[in-house]
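Colleague:
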Amino acid sequence: MESIRFLHCADLHLGAELSSLGNLASSRREELFMTFERILSICREEKPDFLLMAGDVFDTDAPEPSLSLRVKEGLASIPETQVIIAPGNHDYLSARSPYLTQWSPNVHIFSRDVYCFPFPEKGVYVYGAGFTASYEPEPLLMRIPPEKEGAIRLGVLHGDLLAASGYNPVSEGDLRKSGLHYVALGHVHQPSPTVLRAGKTAYAYSGSPEGCGFDELGARGIYGGSILPGGKVEASFRPICRRIYAAAPVDISGFTDPAAQEETVLSSLRKEYGENFAQNIYKIYLRGNCSLTPEGLHALGARLSDSLYFCKLRDQTAPQEDWEALSQETSLKGMFVKEMLKRLGKAKTKEELERNRQALRFGLKALEGEVEGDED
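Numbering-wise, the sequence shown is residues -19 to 356 according to the numbering used here.
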């Protein structure tokens, strides 16, 4: 057995609508493709033996022909790397799937009848399966042949480590019994913090290389590594995303002027996310004691739109009211404030104090009918 090197990616969702970004959606779609090009660039620079793509390369089973062609041409540009694709629940194998058309010789796609790609010259066998519908409630890869003496055995699957999942459930027990050295998983957009183990089998979710929404916060990327003689797996997460989605609480207590509020927000983001903070995609939670009117919120948003690539504002401030005076009222609001002030007085940590303050602010807004949903 000789060592082999691999890159593992999944859930690129090329062609996604990204409608929540408004007029930035089109340019952001191109950025997703540019991150795909970054993966190709890494392949050209490092020449891994395999690029393992664990599903949802496209956001739909029938992407635009021009997009399919760009992906085909991109993968054809790395002929020294064998590309293995396991279609997922978004880009499943339908009658109109581009996966059923001609691809370059270095690209291998699991289909209805293909569960193994052998590479005897490398001593490698790659096992996997592709979705044939948007839901696959039964495990797609039920049986794997016995181990071949001295061979490296890889797996590429789009699936879920939940027994009741409708997306190709993959159990740790099956992974443990598979005899595979490494299983490249897709579907879960959060990357595994490190390579996981089920017996002798190593596995990981690479996550999405670019975030597509505020449910995908933080750094995004791919996994890369090697399988050494003897079957030892050495792999790690590599962030490659152009931007991150971030949820950022900012306290604007005491600031009433939009210009001062803007500077406070930008200063907080710079401190938290570094000098390149402006390129990120933010949902900013405005907090603190501040009489923020709808007009004021709009003014602040207009100012921040000139400084940040994209942001949404969520008003979680509380009016600058005299809480002690409110607690003396003989009303439901007064009773609520009185109880919350008791809790504030008993708080033992800074975190507990802030949680209780936030609960007081939310409670007052709810009693005043001002609580809004937190849609994306």
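Virtual Cβ for every residue (Gly too), placed ideally from N, Cα, C.
1. Buried or exposed for G153, going by 16 or more other Cβ atoms inside 10 Å?
2. Considering only DSSP beta bridges, list what D295 is partnered with.
3. Near P117, which residues of its chain fall below 6 angstroms by C-beta distance, leaving aside the five closest residues on each side in sequence?
4. Which residue from G198, F99, F257 puts its Cα closest to that of L284?
5. Would you call the region 134 to 141 and the region 62 to 81 touching, i.e. three or more CB-CB distances under 8 angstroms?
6. Buried or exposed for E255, please, with buried defined as at least 16 other CB atoms from any protein chain shown within 10 angstroms of its CB.
7. Hey, quick one: how far does the alpha helix (DSSP H) through G205 stretch, first residue to last?
8. Taking the runs of the beta strand (DSSP E) that are 3 residues or longer, which of them lie wholly in the region -5 to 57?
9. Is A42 near C192, with beta carbons less than 8 angstroms apart?
10. Mark G234 as exposed unless 16 or more other C-beta atoms lie within 10 angstroms of its C-beta, in which case mark it buried.
11. Please name the residue, chosen from G108, L31, L165, that lies closest to N86 on a Cα-to-Cα basis.
12. Could you pull out every residue in the same chain whose Cβ sits closer than 6 angstroms to the Cβ of R294, ignoring the five residues on either side in sequence?
13. Report yes if the C-beta distance between L288 and P238 is below 8 angstroms; otherwise report no.
14. State buried or exposed for D195, treating a residue as buried only when at least 16 other CB atoms are found within 10 Å of its CB.
15. Could you spell out the range, first to last residue, of the beta strand (DSSP E) harbouring S216?
16. Is it true that the region 50 to 64 meets the region 0 to 11, where meeting means three or more beta-carbon pairs spaced less than 8 angstroms apart?
17. Name the two residues that bound the continuous beta strand (DSSP E) containing Y225.
18. Distance check for Y95 and K128, CA to CA, integer angstroms please.
19. Starting from F99, trace the beta strand (DSSP E) both ways and give me its first and last residue.
20. I'd like to know whether the C-beta atoms of L(-2) and F290 end up nearer to each other than 8 angstroms.
21. Pick helix, strand or coil for L176, following the three-state DSSP scheme.
22. Assign P274 to one of two classes, buried (16 or more other C-beta atoms within 10 Å of its C-beta) or exposed (fewer than that).
23. For F257, list the residues DSSP reports as bridge partners.
24. Measure from the alpha carbon of D231 to the alpha carbon of each residue in S(-17), S247, Y162, then state which is nearest.
25. Let me know the alpha helix (DSSP H) ranges lying completely inside the region 120 to 201, each 4 residues or longer, listed in chain order.
26. Could you check whether the region 20 to 28 touches the region 69 to 86, counting it as contact only if at least three pairs of C-beta atoms, one from each stretch, sit closer than 8 angstroms?
27. Per DSSP, which one or two residues make a beta bridge with H(-12)?
28. Below 8 angstroms on the Cβ atoms is my contact criterion, and I expect L120 with Y107 to pass it. Report the Cβ-Cβ distance as a whole number of Å.
29. Who are the Cβ neighbours of L142 in its own chain at under 7 angstroms, not counting the five residues just before and after it?
30. I'd like the span of the alpha helix (DSSP H) that includes G108, first residue to last.
31. Could you give the C-beta distance for Y162 and A109, rounded to a whole number, given that I count them as a contact under 8 angstroms?
32. The beta strand (DSSP E) spanning H88 covers which residue range?
33. If you reduce the DSSP assignment to three classes, tell me which class Q82 lands in.
34. Note down, in chain order, each residue of its chain lying with its Cβ closer than 6 angstroms to the Cβ of E60, except the 5 sequence neighbours on either side.
35. Can you find the residues in the same chain that come closer than 6 angstroms, C-beta to C-beta, to R(-15), ignoring five residues on each side of it along the sequence?
36. When you compare each of D36, A228, E252 to Y262 by their alpha carbons, which one comes out closest?
Modeller: Result, derived from the coordinates:
1. exposed
2. L266
3. G146
4. F257
5. yes
6. exposed
7. Taken as a continuous stretch (DSSP letters only), G205 belongs to no alpha helix (DSSP H), being part of the beta strand (DSSP E) at 201 to 207.
8. 30 to 33
9. no
10. exposed
11. L31
12. Y265
13. no
14. exposed
15. 213 to 219
16. no
17. 225 to 231
18. 16 angstroms
19. 96 to 99
20. no
21. strand
22. exposed
23. In DSSP, F257 forms no bridge with anything.
24. S247
25. 152 to 158
26. no
27. L32, Y203
28. Between Y107 and L120 the Cβ distance is about 11 angstroms, and since that is not below 8 angstroms, they are no contact.
29. P149
30. No alpha helix (DSSP H) holds G108; the beta strand (DSSP E) holding it covers 104 to 108.
31. Actually they are not in contact, since the Cβ atoms of Y162 and A109 sit about 16 angstroms apart, beyond 8 angstroms.
32. 87 to 89
33. coil
34. K27
35. P28, D29, S206
36. A228
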